[in-house]
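Visitor: For the sequence shown, position 83 matches number 148 in the working numbering, and the numbering has no gaps at all. We treat Cβ as the ideally placed atom computed from N, Cα and C, and that holds for glycine. This structure is a prediction, so every number in the text was calculated from the model and none was measured. I have a structure here, written as structure tokens, and I will follow up with some questions on it.
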Amino acid sequence: MPHGRSIQSGLSYIKDAMIWTIGNGLNINIGKDNWLPDHHQANLSSYYNPHANHNYPVLVSVFLLNNTNWNTPLLSSMFPPHIVIKILKIIHTGGPDVQT
């Protein structure tokens with residue numbers, strides 16, 4: 066079984082290296098999925114409510130207005146300025162989300 070572990074390890078590495086291309090944000094969990102370039106996703110969940118016990122995912126779509134623009138006031142109310150700047154630089158397509 067050593068080959069099986071190597072394959073699992075390799076798949077885990079590939080998954081960690083992949084990033085979501087944001088379309089409508091309906092498939093991207095802000096705290097679990099890799100969508101913000103050059104940032105560890107687990108750290109994001111501590112910003113939007115560090116004390117909440119979420120039974121549901123917080124999706125990127127929450128921060129999009131009509132799939133066309135980022136909701137800057139909402140982003141600014143939930144994340145520090147350096148994170149908001151990173152998010153606002155992300156171009157989203159409005160179509161389906163794609164993991165690349």
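Take residue 159 as the anchor and find which of 150, 148, 129 and 147 has the nearest alpha-carbon.
Guide: Taking the first residue of the sequence shown as position 1, residue 159 is located at position 94. When each option's Cα is compared against that of residue 159, the closest is 129.
Visitor: Taking all protein chains shown into account, decide if residue 163 is buried (16 or more other Cβ within 10 angstroms of its Cβ) or exposed.
Guide: Indexing the sequence shown from 1 puts residue 163 at position 98. Burial state of residue 163 is exposed, judged by a 10 Å Cβ sphere holding fewer than 16 other Cβ atoms.
Visitor: Relative to the C-alpha of residue 103, which candidate in 152, 87, 161 and 157 has its C-alpha closest?
Guide: Here residue 103 corresponds to residue number 38 of the sequence shown, with the count starting at 1. Checking every option, the nearest Cα to that of residue 103 belongs to 152.
Visitor: Helix, strand or coil, according to DSSP, for residue 91 in the structure here?
Guide: Looking up residue 91 in the sequence shown gives position 26. The three-state secondary structure of residue 91, taken from DSSP, is coil.
Visitor: Pull up the CB-CB distance for residue 125 and residue 87, whole angstroms please, since I reckon it's below 8 Å.
Guide: Position 60 of the sequence shown holds residue 125. Position 22 of the sequence shown holds residue 87. Yes, they are in contact, since the Cβ atoms of residue 125 and residue 87 sit about 6 Å apart, within 8 Å.
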